[in-house]
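> The following block contains the structure, expressed as structure tokens.
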Amino acid sequence: MLAPEDCIIGKGADCEIRLSGWRVSKEHARLFKTPSGVLLEDLGAFGGITVNGKRVEIQHGPLRPNDVIGIGPYKLTVREPAATATGRFPEPAVQAAHPASRSDTARHRNEQAGKAIRESREAALKAQAQAQARAPVLHDAVAPLEGAVPLQPNYPMTVAPDNGHKALEFEWRKRIHAMLLETMDLRRQDVSRMSDERLRHETEALIRSLLSKRDEEIPATIDRHLLCRQVLNEAVGLGPLEELLSDESVTEIMVNRHDEIFVERSGRLTRHPLTFTGDMAVMGVIERIVTPLGRRIDESSPMVDARLKDGSRVNAIIPPLALKGPTLTIRKFSKRKLTSSDLVRFGSLNEPMAEFLHVCVDQRKNVIVSGGTGSGKTTLLNILSNFIPRSERVITVEDAAELQLAHEHLISLEARPNNVEGKGGVSIRDLVRNTLRMRPDRIVVGECRGAEALDMLQAMNTGHEGSLTTLHANTPRDALARLETMILMAGMELPLSAIREQIASAVDIIVQQTRFSCGTRMVTHIVEITGIESGTIQIQELFRFVHRGHHPETGRLQGYFTGCDMVPSFYEELLAANHPLDIGIFNPTHPQPADTGARMASH
Numbered sequence: 001m002l003a004p005e006d007c008i009i010g011k012g013a014d015c016e017i018r019l020s021g022w023r024v025s026k027e028h029a030r031l032f033k034t035p036s037g038v039l040l041e042d043l044g045a046f047g048g049i050t051v052n053g054k055r056v057e058i059q060h061g062p063l064r065p066n067d068v069i070g071i072g073p074y075k076l077t078v079r080e081p082a083a084t085a086t087g088r089f090p091e092p093a094v095q096a097a098h099p100a101s102r103s104d105t106a107r108h109r110n111e112q113a114g115k116a117i118r119e120s121r122e123a124a125l126k127a128q129a130q131a132q133a134r135a136p137v138l139h140d141a142v143a144p145l146e147g148a149v150p151l152q153p154n155y156p157m158t159v160a161p162d163n164g165h166k167a168l169e170f171e172w173r174k175r176i177h178a179m180l181l182e183t184m185d186l187r188r189q190d191v192s193r194m195s196d197e198r199l200r201h202e203t204e205a206l207i208r209s210l211l212s213k214r215d216e217e218i219p220a221t222i223d224r225h226l227l228c229r230q231v232l233n234e235a236v237g238l239g240p241l242e243e244l245l246s247d248e249s250v251t252e253i254m255v256n257r258h259d260e261i262f263v264e265r266s267g268r269l270t271r272h273p274l275t276f277t278g279d280m281a282v283m284g285v286i287e288r289i290v291t292p293l294g295r296r297i298d299e300s301s302p303m304v305d306a307r308l309k310d311g312s313r314v315n316a317i318i319p320p321l322a323l324k325g326p327t328l329t330i331r332k333f334s335k336r337k338l339t340s341s342d343l344v345r346f347g348s349l350n351e352p353m354a355e356f357l358h359v360c361v362d363q364r365k366n367v368i369v370s371g372g373t374g375s376g377k378t379t380l381l382n383i384l385s386n387f388i389p390r391s392e393r394v395i396t397v398e399d400a401a402e403l404q405l406a407h408e409h410l411i412s413l414e415a416r417p418n419n420v421e422g423k424g425g426v427s428i429r430d431l432v433r434n435t436l437r438m439r440p441d442r443i444v445v446g447e448c449r450g451a452e453a454l455d456m457l458q459a460m461n462t463g464h465e466g467s468l469t470t471l472h473a474n475t476p477r478d479a480l481a482r483l484e485t486m487i488l489m490a491g492m493e494l495p496l497s498a499i500r501e502q503i504a505s506a507v508d509i510i511v512q513q514t515r516f517s518c519g520t521r522m523v524t525h526i527v528e529i530t531g532i533e534s535g536t537i538q539i540q541e542l543f544r545f546v547h548r549g550h551h552p553e554t555g556r557l558q559g560y561f562t563g564c565d566m567v568p569s570f571y572e573e574l575l576a577a578n579h580p581l582d583i584g585i586f587n588p589t590h591p592q593p594a595d596t597g598a599r600m601a602s603h
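In the working numbering, the protein residues as written are 1 to 603.
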């Protein structure tokens, strides 16, 4: 039978090549076409697959005529179809046979493998030369954005179709990586007892040895040093993510599947050209991240939140929940600690707003940072936390430790998920309760998203002024409504009037952070809670960002920051105590018509 360019072999109803029998999995193997030929991939079936009697670890290819694929009790023979009318031969066809053929000798298998590698190299180089000869010369063309790759659905290699070199490099990276895993398995080394430096050094030496043994087989166009580094990163590092983590312009990394990586730069998403060699490589990266933190991920616990050594936030979710394969999302944090002056320079707020927030934290006002996902709440919370005087005892509570405070008297607490038996978990609410027994001057909660909001309000109302936290909401008024909802989640059955009185008494300032469609992040509102009247919490706006749309040509956000001509109530007490304060910062701003407003901020 003629196999399509991308097909699944198994006993499932949707498989293009269907085989029956208990030794055949629902989706046993995959055949797919690449620029250098047809590859065979093991989909993790219990019985595995063989080619010419040799077990396939991850992938094998390109397949050649008369190769015998063993799946359960079946033998599938690769045949060369007759030439078409154009004189070209289509891809090899697969012919199924019931178990009857004997395995080849080891010598014959080695000869076949060597011949396949040589033919693969020659075919790829020939295809590359033909593509370059046919490529037209384009004049006055606009170069595409560096690192951006156009989306190509169902393209199995996620390699630009006119780049045979990338396909060849990808194929050899997979092949050397498979050889490395086989060699390390044969040596039976206990890598768990090795330090990271020693493991990386020994693995690199092993890769260089494998490359030197196959130097004649590897095409001369492939950079050996680059190939070694890529295989090393995938084996003991984070694979293609290593260079993205070191790139300071990248703020977020999203692995949708092993061959589909997106990155965020300056608030914009682009496709990254590099890929993982397979789902197992992505799983290896996830395990290398979560294992040192005492976390686990498997089919019984397919979701995990973790962090990298530099504090970057990591979320991973794997099959059966993730249908396309293991998924990884990394929210990077700047290696350099940002300050309020950086936010002013980015255009995220202006100097009067930064000065006011400094006064709020210094004078022990309870502040909530509100905003949507990815709006920069944690970054702003970290900057506000560093306004806390160095002499005070600070305790931080987070799901995954992200805050980077420079205080000497600092205690960082991190929640813990349940173990395999569903026990042993420690929630943020438990930690917030425990901080009250630790004599804190300030409590900083990374994010309130549940019943811990009630305990946070209790702490703010019982002598722990100056506490800071964040929550998800799109406006300051929505933040109050969400706070009420989270308190109701505590199950205390408190009347709504009592909840609102608690909020009005505990919270002083709400800072609204917004992420616009163009990628700009900025503080759009700073409001003060002034009390409660007729059962409604009263707020007054102190600062706001006036949005004037986007520039029609550049797409830049246009607008300006302004005071709202309202002085906060606690300023009267501070002025009476002879604190040097400038109430002129609350005066309204009257920009000129030519004012283009805020610049892009993507911290």
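Using N, Cα and C, we set each Cβ at its ideal position, and we do this for glycine too.
1) With C-beta atoms as the reference, is ARG548 less than 9 Å away from GLN558?
2) Whole-angstrom Cβ separation of PRO302 and PRO320, contact assumed at under 8 Å?
3) Please state whether the Cβ-Cβ distance between LEU488 and LEU494 is less than 9 Å.
4) Is there contact here, the segment 341–358 with the segment 452–471, by at least three beta-carbon pairs under 8 Å?
5) Who pairs with THR378 in a beta bridge, going by DSSP?
6) Contact defined as beta carbons within less than 8 Å: I believe GLN513 pairs with SER385. What is the distance between those atoms, to the nearest angstrom?
7) For the candidate residues SER36, SER391, LEU76, GLY44, whose alpha-carbon lies nearest to that of ASN52?
8) Please confirm whether MET486 and GLY450 have their CB atoms less than 9 Å apart.
9) Can you tell me whether ASP259 is buried or exposed? The criterion is at least 16 other CB atoms within 10 Å of its CB, across all chains shown.
10) Can you tell me where the alpha helix (DSSP H) with SER505 in it begins and where it stops?
11) Nearest to SER25 by alpha carbon, out of VAL38, GLY72, GLU171?
12) Unbroken beta strand (DSSP E) runs of length 3 or more, entirely within the segment 383–434: which are they?
13) Could you compute how far the alpha carbon of THR339 sits from the alpha carbon of ASP430?
14) How big is the Cα-Cα spacing for MET438 and ALA322?
15) Where DSSP assigns a beta bridge to SER301, which residues make up the other side?
16) Over the uninterrupted beta strand (DSSP E) stretch that includes GLY371, give me the two end residues.
17) Short check: CB of ALA306 to CB of ALA400, under 9 Å?
18) Alpha carbon to alpha carbon, what distance is there between LEU496 and LEU468?
19) From this set, GLY371, THR520, GLU392, GLU408, which residue's C-alpha is nearest CYS448's C-alpha?
20) Let's see if you can read the secondary structure: which residues bound the beta strand (DSSP E) around VAL250?
21) For GLY446, is the beta carbon positioned less than 8 Å from some heavy atom of the ligand NAD?
22) Within this structure, are the beta carbons of ARG390 and HIS409 separated by less than 9 Å?
23) Apart from the five residues on each side of it in sequence, which residues of its chain come closer than 8 Å, Cβ to Cβ, to LYS11?
24) Measuring CA to CA, which of CYS518, GLN540, GLU465, ILE58 is closest to HIS551?
25) If I measure Cβ to Cβ from CYS15 and keep anything under 7 Å in the same chain, skipping five residues before and after, which residues do I get?
26) Can the beta-carbon of THR251 be found closer than 9 Å to that of ARG331?
27) By the three-class DSSP mapping on this structure, what secondary structure does LEU471 have?
28) Leaving out the 5 sequence neighbours to the left and right, which residues in its chain are closer than 8 Å to TYR571 when beta-carbon positions are compared?
29) What would DSSP say about ALA160, mapped onto helix, strand or coil?
30) Quick check on ALA281: does DSSP put it in helix, strand or coil?
31) Would a C-beta distance cut-off of 9 Å place LEU275 and PHE170 closer than the cut-off?
32) My guess is that LEU238 and ARG200 are in contact by the Cβ rule of under 8 Å, so how many angstroms apart are they, rounded?
33) For the alpha helix (DSSP H) that contains ARG224, what are its first and last residues?
34) Determine the closest residue to VAL445 out of ASN461, ILE428, LEU436, with distance taken between C-alpha atoms.
35) Count the other CB atoms within 10 Å of the CB of ILE411; is the residue buried (16 or more) or exposed (fewer)?
36) Nearest CA to the CA of LYS324: which residue from ARG257, THR378, LYS309, VAL290?
If we stick to the structure as given:
1) yes
2) 7 Å
3) yes
4) no
5) Per DSSP, none; premise fails for THR378.
6) So it is not a contact: roughly 15 Å between Cβ atoms.
7) LEU76
8) yes
9) buried
10) 496–506
11) GLY72
12) 394–398, 410–414
13) 31 Å
14) 41 Å
15) ASP298
16) 367–371
17) yes
18) 23 Å
19) GLY371
20) 250–257
21) The model on display carries no ligand, and the ligand NAD is accordingly not part of it.
22) yes
23) ARG18, LEU19, SER20, GLY21, VAL24, SER25, LYS26, HIS28
24) CYS518
25) ILE8, ILE9, GLU27
26) yes
27) strand
28) LEU581, ILE583
29) At ALA160, the pLDDT of 37 sits below 50, so the modelled position is not reliable; the number obtained from the coordinates is stated separately. ALA160: coil per DSSP, three-state reduction.
30) helix
31) Note that residue 275 corresponds to Thr in the displayed sequence, not to Leu. Yes. Within cutoff.
32) In fact, because the Cβ distance is near 12 Å, the residues do not count as touching under 8 Å.
33) 224–236
34) ILE428
35) exposed
36) ARG257
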